[in-house]
DNA sequence: CAAAAATGTCACTATATTGAGACATTTGTT
DNA sequence: AACAAATGTCTCAATATAGTGACATTTTTG
């Protein structure tokens with residue numbers, strides 16, 4: 007089935023260029039534009055599928071990250087790795103958060119459930135600050151933005167080909183944990 | 007003159023959405039689309055003007071950054087601030103680096119001069135690594151990507167309104183210098 | 001192999017975007 | 001006020017993109 011391939015291509019293309027033509031998406035998926043339209047009614051339909059796919063991927067990754075440990079620091083590390091594994095999906099999803107006005111209503115509840123979950127993942131950040139494990143002069147908003155950009159940096163590094171793939175996660179975690187004041 | 011205003015708007019709009027219509031640019035600049043076309047022959051012409059504007063701004067900022075000190079660490083800090091001051095211009099410029107294939111040839115020499123200058127700014131990074139001032143396990147490519155994303159994070163923070171503006175540069179420099187292994 | 005499902009190709013219409021001409025209106029300068 | 005420059009409005013034509021129908025071809029499945 008090419009439906010999944012089209013979604014993946016759309017995520018990749020739209021992440022780089024939100025108003026790119028559907029032709030570009032179809033070409034990237036090695037599929038005719040007509041086939042794309044057989045699976046997706048219109049651009050919005052495809053975009054909704056992308057959003058659903060991205061949320062699904064991200065939530066699944068987060069679940070794994072939290073199962074792996076009960077230590078908040080280890081959990082934070084696993085969250086970062088999960089984001090990097092999600093790759094462009096994570097980047098695109100966070101971008102869309104900031105352009106909600108351009109998007110039609112998502113399937114009811116999905117979006118709320120996502121942001122609710124997302125907020126919960128970050129709820130222990132203040133605790134780490136209170137315990138002086140991380141620098142508590144940094145605001146939660148700044149740390150969240152840092153987290154997002156560290157993942158994007160890792161994705162960039164991977165795509166650029168200039169950084170050895172097997173060192174990227176290690177580098178990202180080192181740089182992130184130090185950027186928020188850890189040892 | 008509205009020419010400059012159009013360029014600024016184009017940089018802002020195209021940075022967020024590379025394939026946005028010229029109508030959006032004109033609207034953002036509070037100008038009719040007809041006026042936009044009086045100043046710029048076509049989309050590519052406008053984009054070239056954006057690139058020229060961005061390179062000019064960035065180079066000027068870099069020059070100031072380097073004049074302020076001879077201490078490489080202080081210079082690095084000033085470079086970061088310069089990037090943040092350039093804001094979206096810096097972000098958009100670095101994005102375009104990775105899509106050179108989509109761009110027509112720039113005015114001869116300008117692009118080379120820019121990248122040459124850009125590489126020189128980073129030439130002292132290996133020295134800092136050799137002197138163990140920064141973590142020399144990190145590759146230059148990774149550090150460069152980190153630098154870029156730290157600026158983008160600062161821009162995001164400013165635009166989000168969730169981080170106090172007067173703490174952003176401070177936060178960015180703290181997080182960046184630690185992310186590359188400084189104290 | 002044969003039927004069914006998926007995809008490709010071609011044709012077509014509709015809408016959006018782009019670029020430019022003609023002329024009116026506003027703005028700034030002397 | 002008078003003039004020039006800049007900009008806006010309306011119009012039009014060319015191109016690009018979007019979406020659909022009909023039918024051929026390929027792929028999958030039993």
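Residue numbers (my numbering), protein chains in the order written: chain A, 7 to 189; chain B, 7 to 189. We treat Cβ as the ideally placed atom computed from N, Cα and C, and that holds for glycine. Bear in mind that the values here come from a model prediction, so they are computed numbers and not experimental data.
{"query": "Test item: CB-CB of residue 182 of chain B and residue 99 of chain B under 9 angstroms", "result": "no"}
{"query": "CB of residue 134 of chain B within 9 angstroms of CB of residue 78 of chain B, strictly", "result": "yes"}
{"query": "Boundaries (first-last residue) of the alpha helix (DSSP H) holding residue 49 of chain B", "result": "49-73"}
{"query": "Chain B contact residues for residue 34 of chain A, given Cβ-Cβ distances below 8 angstroms", "result": "Those within 8 angstroms of residue 34 of chain A in chain B number zero; the least Cβ separation is about 14 angstroms."}
{"query": "At least 3 beta-carbon pairs within less than 8 angstroms: the segment 135-146 of chain A vs the segment 60-77 of chain A", "result": "no"}
{"query": "Rounded straight-line distance, which links the Cα of residue 153 of chain B to that of residue 140 of chain A", "result": "21 angstroms"}
{"query": "Residue 28 of chain A beta carbon less than 9 angstroms from that of residue 39 of chain A", "result": "yes"}
{"query": "Residue 79 of chain B: first and last residue of the uninterrupted alpha helix (DSSP H) it sits in", "result": "78-92"}
{"query": "Short CB-CB distance (under 9 angstroms) between residue 25 of chain B and chain A", "result": "yes"}
{"query": "Classification of residue 15 of chain B by the beta-carbon crowding that lies within 10 angstroms, buried from 16 upward", "result": "buried"}
{"query": "CB-CB length for residue 8 of chain A against residue 184 of chain B, believed under 8 angstroms", "result": "Actually they are not in contact, since the Cβ atoms of residue 8 of chain A and residue 184 of chain B sit about 46 angstroms apart, beyond 8 angstroms."}
{"query": "Exposed unless 16 or more other CB atoms sit within 10 angstroms - verdict on residue 167 of chain B", "result": "exposed"}
{"query": "Beta carbon proximity, residue 187 of chain B to chain A, threshold 9 angstroms", "result": "yes"}
{"query": "Min CB distance residue 49 of chain A to chain B below 9 angstroms", "result": "no"}
{"query": "Per-residue DSSP class, three states only, for residue 29 of chain A", "result": "helix"}
{"query": "Neighbour flag for residue 168 of chain B against chain A, beta carbons, 9 angstroms", "result": "yes"}
{"query": "Within chain A, partners of residue 148 of chain B - CB distance below 7 angstroms", "result": "163, 169 and 177"}
{"query": "Proximal residues of chain B, C-beta to C-beta of residue 90 of chain A below 7 angstroms", "result": "Those do not exist, as residue 90 of chain A stays about 13 angstroms from chain B at its closest Cβ, beyond 7 angstroms."}
{"query": "Local Cβ density within 10 Å of residue 114 of chain A, reported as buried at 16 or more and exposed below that", "result": "Note that residue 114 of chain A scores a pLDDT of 49, beneath 50, so its modelled location is shaky; the value from the coordinates is reported in the next line. With fewer than 16 Cβ atoms within 10 Å of its Cβ, residue 114 of chain A is classed as exposed."}
{"query": "Min CB distance residue 41 of chain A to chain B below 9 angstroms", "result": "no"}
{"query": "Beta-carbon spacing of residue 13 of chain B, residue 71 of chain B below 9 angstroms", "result": "no"}
{"query": "Short CB-CB distance (under 9 angstroms) between residue 1 of chain A and chain B", "result": "A question about residue 1 of chain A goes unanswered here, because the residues of chain A that appear run from 7 up to 189."}
{"query": "Contacts that residue 155 of chain B makes with chain A (C-beta to C-beta distance below 8 angstroms)", "result": "155, 156, 158, 159 and 162"}
{"query": "Touching by the beta-carbon criterion (3+ pairs, under 8 angstroms), the segment 57-71 of chain A and the segment 88-104 of chain A", "result": "yes"}
{"query": "Delimiting residues of the alpha helix (DSSP H) encompassing residue 4 of chain B", "result": "The shown model of chain B, from 7 to 189, leaves out residue 4 of chain B, and the question about it has no answer."}
{"query": "Simplified DSSP state of residue 130 of chain B, which is helix, strand or coil", "result": "coil"}
{"query": "As assigned by DSSP and simplified to three states, the class of residue 125 of chain A", "result": "helix"}
{"query": "From B/165, B/158, B/160 and B/136, residue whose alpha carbon lies closest to that of residue 187 of chain B", "result": "B/136"}
{"query": "Residue 25 of chain B and residue 162 of chain A closer than 9 angstroms at C-beta", "result": "no"}
{"query": "Outcome for residue 6 of chain B when other beta-carbon atoms lying within 10 angstroms are tallied against a minimum of 16", "result": "Because chain B here runs from 7 to 189, residue 6 of chain B falls outside it and cannot be looked at."}
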